[in-house]
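Protein chains in written order, with the working numbering: chain A, 6 to 438; chain B, 6 to 438. Every residue gets a Cβ at the ideal spot worked out from N, C-alpha and C, and that includes glycine.
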């Protein structure tokens, strides 16, 4: 049986998981790959004594992996931007295939890396970068290759989903975040997770794989969950909706929508039932309709599962000496689509609005008339008489789908009404229909 | 750009969908495959005037496709056993790759077909045979290739799931079945769907792909849903469970469990929320944990989506002239596992039991003592005093996981009690933990 040599760079959570699973399931994996996957070298600056490397060659300098002529596939699991970029670029220049779990690296520098990989005739695979162990990139690029992908919507950050799930019990964001940190679900600096940057990295990659457009992370709209309140969660529930932090990418005639924000989704839809730290990605294709992929979005061996699936795919093509790989972004470069990312004002969505109005006759009529002037139809409206406070009543409105521009203008007009106090709370909503 | 020629045999629901999607998305599909997929011939005994074949060569004899030297891939969409077997075998003998949606054919004759395909160096692909448009075979064979798959559980028959979903409203099986037939969800002869044969075909294929064992349809245990009553559905709900018609394949140390039957699943689990005609497959791997794949299990273009994904995969390897394909059953032949299908008596499951007991002192004690004698622990027990009728009371029990042999023996003893009347109703239960 042929042998393919991999070099693992980084021995943290995912690196350790990858080493352990590759070792434990070596026979099984060889039976699937049609070749033996040998760990030719492991490199890490911070060795671990809880992992038995046996007689695997070991270095504290990751350059040793890239310069080792016996290594066919470099597995980049060090994370971050700069060193990872240098590592991957050198591997490509040395004619080595690359497997990475680094979503930030691919989202920011993927276009350059894929271009270099094409020139050097090597693969760059990144399944583990999106939704951890769920093979969603494979589903999008291969399983649904018959389809025009129309949209994708994903719960692609476990920390955020855990926090929103716990907030349904009426608990405040700050309190749940602290708990998530104590449980190890959230980092000490939770910015990337709760502000949506991590989800935007993954969404950028999914959109490129599904739509066949270049990676455009800098154009993704990102809104976090820190402003979501138990009050709005409860009122969304009363309207039949659940608030999820979704990454949404949608193909439109004149461009693509690329946005991460808190979103109301119908409770009856399966994705609304995905709770806790789990991830799920919903994909709509013109032939298949809606399919959903669900599972762990993080964790040592779950992420390793995706890293190794990529290694097996690459190893199979190395063993076959075939260049007929699946294209990086789901499309051959000359078949890529020229769709730009639309500005947020041009996206289409339904909206949940919460207005604090003075309890005076005619307030509802003025609100309804402003929405109507802006061409906005109302799906439901709730006036919470029971919550009258300081002479103000919350008015909660769910609109039909309109352009974000229309809502922005309507909100300006609503906020200028003498009977409306403070800011209008706005959360986007999707019906997936 | 290279061209790969496919010949479509059969122009029914899936054949028509495949022709239409291949035509409509031709550019997109070529961009993904790295080669042009040309429909070189369509053959059907029953032409359709609602599909515009344009100048595609057309035959009423499917042998024309198999004998056409320009055809690289034969797409078998005629269904059934005998003619389909002859067609696929001749295609293989003529050195052509095969893509099929025919689960019955693969479940019954797959071992022979794969063996012949290996001898002739061609592929036989069958993604569309399991769970329609959901790319679950790709997930199992490729996306989870790092894992020892421990078990799979699927809602893999839409008709059955539709019926059980509607029965939750208290409606009887026969009534809902008639409605499903009127809506076109169920065939005039619904036997294959409601008795579980169709699900057993799909489960057999999944088990072989996931565990790397030969296809053993004849050893699958199959129990239909005709005996499920609204009464038991309601009581399962009261216990926190939903009844689903599941196909379950589980790896055990001494063999595999392969069984289709009504099953109680916890309402809190995502798979319990999959309603109507939709399909979902839950896969547990030792590295990744649980992942789930959800979507349409039938339909013209949904199934075509899976057929075409297979065509693209095969076309990519044809264009590369590579024999380094993904192994048929997820494993190279010499790495296959020698696990036998266990007899039903040896499977492990939890159980829902409904006993009709005379309302006499000591009945509960005798029941509990019989279960205890057989080593069966009770998770919960409900005695429905309010339903006392003719001096009989229903006693509902949910057990912990035991061997089916233990339950069979306990039921025999229970039925021989003077205070127990009629048969004990038994439905299996799974906690997926």
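Q. Along chain A, which residues have their Cβ under 7 Å away from the Cβ of residue 90 of chain B?
A. Going along chain A, no residue has its Cβ under 7 Å from residue 90 of chain B, so there is no contact; the nearest lies around 26 Å.
**Q.** Range of the contiguous alpha helix (DSSP H) that encloses residue 25 of chain B
**A.** 18–29
Q) Relative to the C-alpha of residue 319 of chain B, which residue among B:385, B:15 and B:76 is closest? A) B:76
Q) Mind checking if residue 143 of chain A is an interface residue toward chain B, Cβ cutoff 8 Å exclusive? A) yes
Q) Where are the alpha helix (DSSP H) runs, 4 residues long or more, that stay fully inside the stretch 146–176 of chain A, in chain order? A) Uninterrupted alpha helix (DSSP H) stretches at least 4 residues long and entirely within the stretch 146–176 of chain A occur at 163–172, given in chain order.
Q. How big is the Cα-Cα spacing for residue 215 of chain B and residue 348 of chain A?
A. 44 Å
Q | Three-way DSSP call (helix, strand, coil) for residue 250 of chain A in this model | A | strand
Q) Any chance the CB of residue 401 of chain A is under 7 Å from a heavy atom of the ligand GTP? A) The ligand GTP is absent from the structure shown, which contains no ligand whatsoever.
**Q.** Members of the stretch 295–306 of chain A that neighbour chain B once the beta carbon cut-off is set at 7 Å
**A.** 295, 296, 297, 298, 299, 300, 301 and 306
Q) Shorter than 8 Å from the beta carbon of residue 126 of chain B to some beta carbon of chain A? A) no
(Q) Short of 6 Å in beta carbon distance, which residues of its chain neighbour residue 64 of chain A, apart from the five on each side in sequence? Order them along the chain. (A) Contacts found: 48.
Q: Name the one or two DSSP bridge partners that residue 14 of chain B has.
A: B:48 and B:81
Q) The alpha helix (DSSP H) with residue 235 of chain B in it runs from where to where? A) 235–243
(Q) Let me check understanding here. Comparing Cα to Cα, which of A:70, A:145 and A:137 lies closest to residue 333 of chain A? (A) When only C-alpha atoms are compared, the closest one is A:145.
Q: Using 10 angstroms around the beta-carbon of residue 356 of chain A, count the other beta-carbons present and answer buried if the total reaches 16, otherwise exposed.
A: Residue 356 of chain A is classed as buried because its beta carbon has at least 16 other beta carbons within 10 Å across all chains shown.
Q) On the three-state DSSP scale, how would you describe residue 289 of chain B? A) strand
(Q) Give me the chain C residues within the contact set of residue 208 of chain A, using Cβ-Cβ distance strictly less than 7 Å, ordered along the chain. (A) Absent from the structure: chain C. Protein chains present are A and B.
Q. Which residues, taken in chain order from the stretch 259–289 of chain A, show a beta carbon closer than 8 Å to some beta carbon of chain B?
A. For the stretch 259–289 of chain A, the residues whose beta carbon sits under 8 Å from a beta carbon of chain B are, in order, 275, 278 and 279.
Q) Does the beta-carbon distance from residue 126 of chain B to residue 324 of chain B come in below 8 Å? A) no
Q: Using the DSSP secondary-structure output, state which residues sit across from residue 361 of chain A in a beta bridge.
A: Beta-bridge annotation (DSSP): residue 361 of chain A is paired with A:399 and A:426.
**Q.** Whole-angstrom distance between residue 192 of chain A and residue 163 of chain A, CA atom to CA atom
**A.** 12 Å
Q) Any Cβ of chain B within less than 8 Å of the Cβ of residue 319 of chain A? A) Not flagged as an interface residue toward chain B: residue 319 of chain A, since no C-beta distance is shorter than 8 Å.
Q) Based on Cα-Cα distance, which residue from B:101, B:427, B:100 and B:83 lies nearest to residue 110 of chain B? A) The shortest Cα separation from residue 110 of chain B among B:101, B:427, B:100 and B:83 belongs to B:83.
Q) Among residues of its own chain, excluding the 5 on either side of residue 238 of chain A, which ones have a beta-carbon nearer than 7 Å to its beta-carbon? A) 172, 173 and 248
Q) Do the CB positions of residue 360 of chain B and residue 403 of chain B come within less than 8 Å of each other? A) no
Q: Report buried or exposed for residue 366 of chain B, applying the criterion of at least 16 other Cβ atoms within 10 angstroms of its Cβ.
A: exposed
Q.
Whole angstroms are fine: how far does the CA of residue 18 of chain B sit from the CA of residue 225 of chain B?
A. 28 Å
Q) If you measure from the beta carbon of residue 254 of chain A to each beta carbon in chain B, is any gap under 8 Å? A) no
**Q.** residue 437 of chain B - DSSP class collapsed to helix/strand/coil
**A.** coil
Q: Check whether the Cβ atoms of residue 413 of chain A and residue 350 of chain A sit closer than 8 Å, and answer yes or no.
A: Contact flag set, yes.
Q: Out of B:211, B:147, B:236 and B:368, state which residue places its alpha-carbon closest to the alpha-carbon of residue 175 of chain B.
A: B:236
Q | C-beta atoms of residue 21 of chain A and residue 315 of chain A nearer than 8 Å | A | no
**Q.** Any 3 or more C-beta pairs closer than 8 Å across the stretch 85–94 of chain A and the stretch 111–130 of chain A
**A.** As far as the Cβ criterion goes, the stretch 85–94 of chain A touches the stretch 111–130 of chain A, which means the pair count is three or higher.
Q.
Let me make sure I understand the geometry here. Which of B:218, B:112 and B:136 has the alpha-carbon closest to that of residue 206 of chain B?
A. B:112
Q: Would you check if the distance between the CB atom of residue 134 of chain B and the CB atom of residue 210 of chain B is smaller than 8 Å?
A: yes
Q) From B:422, B:397, B:380 and B:398, pick the residue whose C-alpha is nearest to that of residue 447 of chain B; which is it? A) Past the boundaries of the shown model lies residue 447 of chain B; chain B is included only from 6 to 438, so the question cannot be answered.
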